[in-house]
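Enquirer: Dropping a structure here in structure tokens format, bear with me for questions.
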Amino acid sequence: MSLLAVSNLAKHYRRGGKPFAAVDDVSFEIGPAETLALAGPSGSGKSTIARLVSRLLEPDSGRIDFEGTDFLALSGARLRARRARLQMVFQDPLAAFNPRATVARVLDDPLRVHGIAPRAERPRRIAALLERVGLDAGLTARAIHEISGGQRQRIAIARAIATRPSLVVLDEAVSALDVSVRGQILELLLDLQRQERIAYLFISHDLGVIRAVAHRVVILDAGRVAESGDARTVIASPQSAIGKALVAATPKLGRTSQDAS
Ligand SMILES: Nc1ncnc2c1ncn2[C@@H]1O[C@H](COP(=O)(O)OP(=O)(O)OP(=O)(O)O)[C@@H](O)[C@H]1O
Ligand SMILES: [Mg+2]
1 MSLLAVSNLA
11 KHYRRGGKPF
21 AAVDDVSFEI
31 GPAETLALAG
41 PSGSGKSTIA
51 RLVSRLLEPD
61 SGRIDFEGTD
71 FLALSGARLR
81 ARRARLQMVF
91 QDPLAAFNPR
101 ATVARVLDDP
111 LRVHGIAPRA
121 ERPRRIAALL
131 ERVGLDAGLT
141 ARAIHEISGG
151 QRQRIAIARA
161 IATRPSLVVL
171 DEAVSALDVS
181 VRGQILELLL
191 DLQRQERIAY
201 LFISHDLGVI
211 RAVAHRVVIL
221 DAGRVAESGD
231 ARTVIASPQS
241 AIGKALVAAT
251 PKLGRTSQDA
261 S
């Protein structure tokens, strides 16, 4: 059974007074512990889909089933409870967090809000989360703006997994990181997926990264699904015009160390 099933999702905005479809009849499924990538050029609707799936934005039509429930029908306490199971990580954690908040505060919030652990137990939980994402427990007193971009993205991941989600939506979560830090964060994500069976909706414009981490890929063009399938197969021989253009625009899609394993 699928963990997330998105069916015929649509979202319109207005441009120059006229409505246009940012997301147009999009359907896909994600299974438990699976990574589905969304690729496509800038403006093709990737972030809009991420926001719809996370219910930060309401669709005009369509259906979202998450963990066997009609996700769009939930509200209030039931929505909050289910939302703990679906977390998001954005490209820029400085924008997502209060930059003056301490690391401890950022990690304490989800534990408190979702009633995961009583106050006395939370410092221990926070230390365990930091360890889980490969950070030193000594970081807790630091402010978010006082740590590196890579450390900040680890904190964002720690916060996302604090509520034990089954699905994490990652919108260009590694795009702003330099290559070596990006590799480490991707390794961490793969490790968490193996250990805790987390599924990812992985949004990236980088087909090289998608090829390294995703099981399947959906390629979007102007809000519509242009093609989808096994990530390696689609990237090796794209069928759609936009898929071909994206592959052609990505240098170094040759063999990677992943191929050897
Ligand atoms: N709040 C909004 N109001 C009006 N139009 C919007 C709004 N948000 C997004 N759009 C438009 O919807 C389309 C899809 O935007 P979206 O941010 O989903 O694209 P994207 O694929 O994430 O692009 P990028 O790769 O640049 O992040 C674009 O044409 C964008 O300009
Ligand atoms: Mg985007």
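So the sequence shown is numbered by UniProt numbering: it starts at 1 and just counts up by one.
Using N, Cα and C, we set each Cβ at its ideal position, and we do this for glycine too.
Pull up the DSSP beta-bridge partners for Ser61, would you.
Expert: On the sequence shown, residue 61 is found 61 positions in, with the first residue counted as 1. Answer by DSSP bridge pairing, in chain order: Ala10.
Enquirer: May I have a chain-ordered list of the beta strand (DSSP E) segments no shorter than 3 residues that lie completely inside the segment 214-256?
Expert: Whole beta strand (DSSP E) segments, 3+ residues: 216-221, 224-230.
Enquirer: Quick check on the DSSP output: the beta strand (DSSP E) that includes Leu19 runs from which residue to which?
Expert: One-based indexing of the sequence shown puts residue 19 at position 19. A small correction: the amino acid at residue 19 is Pro; Leu does not occupy that position in the sequence shown. Start and end: 18-30.
Enquirer: Give the DSSP-derived three-state secondary structure of Val89 in the structure shown.
Expert: If you number the sequence shown from 1, residue 89 lands on position 89. Here Val89 sits in strand by DSSP.
Enquirer: Would you say Thr140 reaches chain D, if we count a Cβ-Cβ gap shorter than 9 Å as a contact?
Expert: The structure shown has no chain D; it contains just one protein chain.
Enquirer: Can you give me the Cβ contacts of Ala226 inside the same chain, cut-off strictly under 7 Å, excluding the 5 residues immediately before and after it?
Expert: Taking the sequence shown and counting its residues from 1, the one referred to as residue 226 is at position 226. These residues qualify, in order along the chain: Ile219, Leu220, Ser240, Ile242, Gly243.
Enquirer: Which stretch, first to last residue, makes up the beta strand (DSSP E) that contains Ala117?
Expert: As a working note, residue 117 is residue 117 in the sequence shown. Per DSSP, Ala117 belongs to no beta strand (DSSP E) and is neither H nor E.
Enquirer: According to DSSP, is Leu192 part of a helix, a strand, or is it coil?
Expert: Position 192 of the sequence shown, counted from the start, is the residue given in the question as residue 192. Looking at Leu192 - three-state DSSP - the assignment turns out to be helix.
Enquirer: Would Leu52 and Val103 qualify as a contact pair, given that the criterion is a beta-carbon distance under 9 Å?
Expert: Position 52 of the sequence shown holds residue 52. Position 103 of the sequence shown holds residue 103. Not closer than 9 Å, so no.
Enquirer: When we look at the beta-carbon of Phe71 and count the other beta-carbons within 10 Å, is it buried (16 or more) or exposed?
Expert: Taking the first residue of the sequence shown as position 1, residue 71 is located at position 71. That one is buried.
Enquirer: Within 8 Å, do at least three Cβ pairs link the segment 33-44 to the segment 57-65?
Expert: No, the segment 57-65 is not in contact with the segment 33-44.
Enquirer: Beta-carbon within less than 8 Å of Ser166's beta-carbon, same chain only, minus the 5 sequence neighbours each way: which residues are those?
Expert: Working through the sequence shown from its first residue, we reach residue 166 at position 166. For Ser166, where only same-chain residues beyond five positions count, the Cβ hits under 8 Å are Leu3, Pro32, Glu67, Arg85, Leu86, Arg197, Ile198, Ala199.
Enquirer: Using a 10 Å radius around the Cβ and a threshold of 16 neighbouring Cβ atoms, would you call Arg211 buried or exposed?
Expert: Counted from its first residue, the sequence shown places residue 211 at position 211. Flag for Arg211 reads buried.
Enquirer: Where Glu121 and Ser175 are concerned, what is the direct C-alpha to C-alpha distance, given to the nearest angstrom?
Expert: As a working note, residue 121 is residue 121 in the sequence shown. As a working note, residue 175 is residue 175 in the sequence shown. Cα to Cα, Glu121 sits roughly 35 Å from Ser175.
Enquirer: Which one of Ile235, Val217, Leu207, Arg154 has the shortest CA to CA distance from Leu192?
Expert: For this step, residue 192 is matched to residue 192 along the sequence shown. Nearest of Ile235, Val217, Leu207, Arg154 to Leu192, Cα basis: Arg154.
Enquirer: Beta carbon of Lys18: closer than 8 Å to some heavy atom of ligand 1?
Expert: As a first step, residue 18 must be located in the sequence shown, where it is residue number 18. It does not: the Cβ of Lys18 is nowhere closer than 8 Å to a heavy atom of ligand 1.
Enquirer: When DSSP builds the beta bridges, which residues end up paired with Arg15?
Expert: For the purposes of this step, residue 15 is identified with residue 15 of the sequence shown, where counting begins at 1. For Arg15, which the question treats as bridged, DSSP gives the partners Lys18.
Enquirer: When the distance is taken between beta carbons, is Lys46 closer than 9 Å to Ile161?
Expert: Counted from its first residue, the sequence shown places residue 161 at position 161. Counted from its first residue, the sequence shown places residue 46 at position 46. In this structure, Lys46 does not lie closer than 9 Å to Ile161 by Cβ.
Enquirer: Would Ala143 pass as a contact of Ala101 if the rule is Cβ separation under 9 Å?
Expert: Numbered from its first residue, the sequence shown carries residue 143 at position 143. Numbered from its first residue, the sequence shown carries residue 101 at position 101. Taking 9 Å as the Cβ cut-off, Ala143 and Ala101 qualify as a contacting pair.
Enquirer: Rounded to the nearest angstrom, what separates Ala156 and Ser27 at their Cα positions?
Expert: Numbered from its first residue, the sequence shown carries residue 156 at position 156. Numbered from its first residue, the sequence shown carries residue 27 at position 27. Those two C-alpha atoms are separated by around 28 Å.
Enquirer: Can you give the Cα-Cα distance for Arg125 and Ala249, rounded to whole angstroms?
Expert: Here residue 125 corresponds to residue number 125 of the sequence shown, with the count starting at 1. Here residue 249 corresponds to residue number 249 of the sequence shown, with the count starting at 1. Between Arg125 and Ala249, the C-alpha separation is close to 44 Å.
Enquirer: Leu246: beta carbon under 8 Å from a heavy atom of ligand 1?
Expert: As a first step, residue 246 must be located in the sequence shown, where it is residue number 246. For ligand 1, not one heavy atom lies less than 8 Å from the Cβ of Leu246.
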